[in-house]
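Using the numbering used here, the letters of the sequence shown correspond one by one to residues 12 to 322.
Ideal Cβ placement from N, Cα and C applies to all residues, glycine included.
Since we're looking at a predicted model, the values are computed, not measured.
Each remark here refers to the structure printed beneath this line.
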Amino acid sequence: MALNLWYGKGVLIANDHEFGDKTGRVPAPFHRFKSRFICGSSHFRLKGIYGWALAMREADIPMMIARDRMERCHRLLSIFGLLLFISCINCQAEEPKFPNFDRQRNMMVREQIEKRGIKDARVLAAMRKVERHRFVPSRSRHQAYEDFPLPIGEGQTISQPYIVALMTAALNLDGSKKVLEVGTGSGYQAAILAEICSEVYTIEINDVLGKRAKDLLSKTGYSEVHIKIGDGYKGWKEFSPFDGIIVTCAPGHIPKQLKEQLAEGGRMVIPVGKRSFQELLVLTKKDGTLTKSSIAPVRFVPMLKEDGSTY
């Protein structure tokens with residue numbers, strides 16, 4: 012006997028009302044059912060004490076197929092929901108999409124600065140407070156608190172965090188001091204100085220960087236910082252003398268104008284030398300005379316003239 016069979020929900024469906032041979036036997040793997048079985052609204056009798064399947068009218072087959080498909084859909088949705096739930100739990104356990112800059116900044120101060128011997132409480136507090144990631148390009152923001160300098164455009168860089176802290180601490184500043192920075196760059200060093208000093212003046216020779224730094228310092232709450240676009244080699248005579256002068260680019264020698272604009276008892280921190288070798292120097296003025304000491308070998312971008320050549 013030719014049969015069209017479909018198996019679903021544990022039921023074998025045939026296009027005859029009765030299924031089974033004279034012995035009532037059919038091949039495995041189908042399960043046996045009682046001789047009288049109810050499916051939908053119809054009763055069907057199977058031969059023998061135990062039958063092998065349930066026969067039904069062809070008109071009922073589409074309904075059973077639809078039910079089976081719904082059951083499969085429900086099972087798939089349940090599995091999908093479970094996987095989605097597990098995924099959500101895993102997402103909550105993972106690191107947030109955006110870095111925790113506060114935690115990174117505190118770690119930077121602890122691991123890169125304090126452990127290298129810088130103990131000035133005012134410098135450490137400023138380094139913890141100023142959001143360094145705001146002063147680097149967005150593409151480098153994830154590296155803002157790493158232990159190295161980063162490019163900021165126009166061929167310039169933002170200094171390594173440790174060097175910023177080292178140079179600031181070497182000035183020995185307090186809240187009553189007035190300081191000049193030569194080489195504004197990103198504006199980060201000026202923001203650090205503004206957290207410590209009463210007056211901050213900074214000069215940037217690059218027009219693009221100078222305007223960008225001015226805007227950023229204003230947005231980050233340091234609008235009191237005075238910025239000038241010009242040649243920092245010459246200093247800022249109208250606001251001199253300065254209790255501290257910090258230079259963040261390297262001339263081949265110490266500019267005479269900066270020496271003159273340093274106040275009595277003041278300090279200047281400046282990298283000096285050619286690109287291949289530079290020394291970070293601290294100059295202290297006492298009785299009109301400058302004494303010089305070396306802190307460390309360093310490598311800064313060169314100090315530029317207005318025509319683009321180097322000093």
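- Looking only at T168, Y212, G276 and R116, the smallest Cα-Cα distance to A137 is reached by R116.
- DSSP places D254 within a strand segment (E or B) once states are collapsed to three.
- Excluding five sequence positions before and after L294, the CB atoms of its chain that fall closer than 6 Å to its own CB belong to M279, L301 and K303, given in chain order.
- When secondary structure is reduced to three states using DSSP, S187 falls in the coil class, being assigned neither helix nor strand.
- Note that the region 243–251 touches the region 189–199; at least 3 beta-carbon pairs, one per stretch, sit closer than 8 Å.
- Checking the DSSP bridge columns, you'll see Y212 partnered with L191 and H237.
- L292 and P282 have their C-alpha atoms some 6 Å from each other.
- When I129, R133, D158 and V147 are compared, the shortest CA-CA separation from S187 is found for R133.
- About 12 Å separates the beta carbon of A307 from that of G284, a gap too long to meet the 8 Å contact definition.
- Taking a contact to require three or more Cβ pairs closer than 8 Å, the region 195–211 and the region 221–237 qualify as touching.
- Between the beta-carbon of E206 and that of K140 there is about 6 Å, and that keeps the pair under the 8 Å contact cut.
- A check of alpha carbon separations from D218 across T321, L315, R310 and M81 identifies L315 as the nearest.
- Between C208 and the set G255, A176, L177 and G166, the nearest pair of CA atoms involves G255.
- Counting only residues of its own chain and dropping the five nearest sequence neighbours on each side, E125 has a CB closer than 8 Å to the CB of L135.
- DSSP links I169 through a beta bridge to L161.
- I174 and T213 do not touch by the CB rule: their CB atoms are close to 17 Å apart, not below 8 Å.
- Comparing C-alpha distances from E235 to each of I203, G263, V258 and P266 shows the shortest one belongs to I203.
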